[in-house]
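Student: Just dropping this structure here.
In the numbering used here, the protein residues as written are 2 to 174.
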């Protein structure tokens, strides 16, 4: 549900959602209009409700209620892209993963680590420069730094701890 929504909004919605729908089967069998209403405050709620319901159905019917364990299988699920698949790999299965969200994309370019807006290319490029065991830690740090300091609008370059290695900061001087 994160696409085009803040983490704060998604967390607020999901806390209520998981109290109402306590199993995959309950999501799969949910009334679509009711599910849409339950997540209405997040962007693109109609498409997201369809994806949630369909993915829950697939997981129940085809995967015995368990998440697939590979990126390739995860991205086959409706509404699951590489970012979400990598989040699952990192946070559920403990497999170090490069998670390219809006913050990672912005910071990777500003720091001069990559020169692309394509998330898949950025993920590939970062895999070439970040040690594999650090993939998840690196990704989490990029998210935290992007939220707190290197914001899309009005980045706090003057207080940034890594501005000495930042192409964006150097170009602004």
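Don't be surprised by glycine CBs; every beta carbon is placed ideally from N, CA and C.
Anyone know if the C-beta pair for residue 36 and residue 53 falls short of 8 Å?
Tutor: yes
Student: Using a Cβ-Cβ distance cut-off of 8 Å, determine whether residue 134 contacts chain C.
Tutor: The structure shown contains no chain C; it holds only a single protein chain.
Student: On the three-state DSSP scale, how would you describe residue 21?
Tutor: helix
Student: For residue 88, which residues of its own chain have a beta-carbon under 7 Å away from its beta-carbon, when the five flanking residues on both sides are left out?
Tutor: Short of 7 Å from the beta carbon of residue 88, and not among the five residues preceding or following it, lie these beta carbons of its own chain, in chain order: 100.
Student: Quick check on residue 145: does DSSP put it in helix, strand or coil?
Tutor: helix
Student: Considering only residues of the same chain and omitting the five flanking positions on each side of residue 102, which have a CB-CB separation below 7 Å?
Tutor: 84 and 144
Student: Quick check: what's the CA-CA separation for residue 14 versus residue 43?
Tutor: 8 Å
Student: Suppose you measure from the CA of residue 151 to the CA of residue 158; what does that come to, to the nearest Å?
Tutor: 7 Å
Student: Using a threshold of 8 Å, state whether the C-beta atoms of residue 111 and residue 22 are closer than that.
Tutor: no
Student: Return yes when the Cβ of residue 40 is within less than 8 Å of the Cβ of residue 18, no when it is not.
Tutor: yes
Student: According to the neighbour-count rule (16 or more other Cβ atoms, all chains shown, within 10 Å of its Cβ), is residue 162 buried or exposed?
Tutor: exposed
Student: With distances taken between CB atoms, is the gap from residue 98 to residue 67 smaller than 8 Å?
Tutor: no
Student: Measure the CB-CB distance between residue 147 and residue 108 and report whether it falls below 8 Å.
Tutor: yes
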